[in-house]
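A short write-up of the structure that comes next.
Residue numbers (my numbering): 137 to 430.
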């Protein structure tokens with residue numbers, strides 16, 4: 137792909153009929169980790185375009201994924217619960233790429249839900265988790281905010297068939313509204329960036345796949361609650377990140393401490409919901425020291 141020099145694109149068959157596109161950069165310098173970047177909705181690996189290079193330059197091997205249903209990955213009929221998505225990520229990193237060293241999983245938005253599910257399902261596999269800008273199923277904060285008017289899209293996206301019908305042929309317009317509504321700086325996403333996302337979501341089944349993420353929230357809640365009840369909260373260090381201009385800044389630490397006991401909570405200035413795109417330099421200021429820890 138153009139605009140991504142030094143990035144290697146690949147595809148991995150992680151389950152029958154499920155092909156996961158991913159981008160790899162960097163090597164395995166002493167002390168470096170494999171840093172797995174997991175996007176949210178309505179995005180793809182492209183949301184990390186400003187941070188992949190600096191992370192690789194810092195000595196980490198970076199793997200940015202397109203989750204099933206997103207970007208140019210497969211769009212199967214089912215499997216959009218975060219437990220299954222975490223399995224896709226685990227199979228990509230450990231089985232397909234053959235990573236056997238330290239791994240950090242960095243999630244944004246629904247990618248954070250996947251990162252949490254990865255931590256709970258594969259305990260001890262990752263030694264660092266970054267949870268950024270998402271309500272986490274299985275927590276009291278998630279239950280409380282699900283009915284907040286600012287999360288109107290939770291119910292809309294979860295409604296069967298209707299959102300697909302209403303957004304058909306209007307994918308770019310819907311995504312523009314969605315991005316602008318949660319941004320502190322809407323200009324952080326250029327028209328070219330929006331074109332890229334819109335092109336992905338115009339593909340057959342793509343909008344349905346995105347909405348299926350929200351239709352799986354009830355299952356995500358059950359899976360996480362069961363895992364927390366049986367195994368307790370996570371012991372690995374967790375960096376909880378919010379955009380300072382977004383509503384998560386007020387609940388970030390409270391929510392993270394429901395799922396982990398070693399938490400550092402930060403708010404990135406000059407950013408709303410889309411932190412990696414609105415203020416990538418500010419994100420890297422907190423992310424790089426966290427990843428450099430023992």
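Think of the CB as a built atom: it goes at the ideal place given N, C-alpha and C, for glycine as much as any other residue.
* Would residue 331 be called buried (16 or more neighbouring beta carbons within 10 Å of its own) or exposed? -> Taking the first residue of the chain shown as 1, we reach residue 331 at position 195. When all chains shown are included, residue 331 counts as exposed.
Contact defined as beta carbons within less than 8 Å: I believe residue 205 pairs with residue 216. What is the distance between those atoms, to the nearest angstrom? Along the chain shown, read from residue 1 onward, the residue named residue 205 stands at position 69. Along the chain shown, read from residue 1 onward, the residue named residue 216 stands at position 80. About 6 Å separates the two Cβ atoms, so the contact holds.
Bridge partners - residue 145, DSSP secondary structure assignment = Here residue 145 refers to the residue found at position 9 of the chain shown. The partner list for residue 145 (beta bridge, DSSP) reads 159.
query: Counting along the chain, where does the beta strand (DSSP E) carrying residue 244 start and finish?
result: Looking up residue 244 in the chain shown gives position 108. It spans 239-244 - the beta strand (DSSP E) in which residue 244 sits, taken as one unbroken run.
Taking one C-beta from the segment 255-268 and one from the segment 192-206 each time, how about it: are there three or more such pairs within less than 8 Å? Counting Cβ pairs under 8 Å, fewer than three are found: no touch.
message = Which residue marks the beginning of the beta strand (DSSP E) containing residue 403, and which one marks its end?
response = As a working note, residue 403 is residue 267 in the chain shown. Residue 403: member of the beta strand (DSSP E) spanning 399-404, first to last residue.
Please go through the same chain and pick out, in chain order, the residues whose beta-carbon is closer than 6 Å to the beta-carbon of residue 144, but skip the five residues on each side of it.
-> Along the chain shown, read from residue 1 onward, the residue named residue 144 stands at position 8. Excluding sequence neighbours, residue 144 sits near 160.
Check: Can you tell me the Cα-Cα spacing of residue 101 and residue 176, whole angstroms?
Finding: With the chain covering 137 to 430 only, the question about residue 101 has no answer from this structure.
field: residue 235 versus residue 170 - alpha carbon distance
entry: In the chain shown, the residue the question calls residue 235 occupies position 99. In the chain shown, the residue the question calls residue 170 occupies position 34. Looking at the two C-alpha atoms, the distance is approximately 8 Å.
Residues bridged to residue 174 [DSSP beta-bridge criterion] = As a position in the chain shown, residue 174 is number 38, starting the count at 1. Paired residues: 201, 243.
*Can you grab the Cα-Cα spacing for the pair residue 305 / residue 343, in whole Å?*
One-based indexing of the chain shown puts residue 305 at position 169. One-based indexing of the chain shown puts residue 343 at position 207. Straight-line Cα distance between these residues: approximately 11 Å.
Discussion item. Could you check whether the segment 366-378 touches the segment 278-286, counting it as contact only if at least three pairs of C-beta atoms, one from each stretch, sit closer than 8 Å?
Written reply: no
Tell me which residues share the same chain as residue 338 and place their Cβ nearer than 7 Å to its Cβ, disregarding the 5 neighbours each side in the sequence. By one-based count along the chain shown, residue 338 stands at place 202. If we look at residue 338 and ignore the five residues flanking it on each side, its Cβ neighbours are 307.
message: If we require 3 or more residues per run, which beta strand (DSSP E) segments fall completely within the segment 319-398?
response: Note on the segment 319-398: whole beta strand (DSSP E) runs with a minimum of 3 residues are 374-379, in chain order.
Practice problem: Ignoring anything shorter than 3 residues or poking outside the segment 212-280, list the beta strand (DSSP E) runs there in chain order. | Solution: 239-244, 264-268
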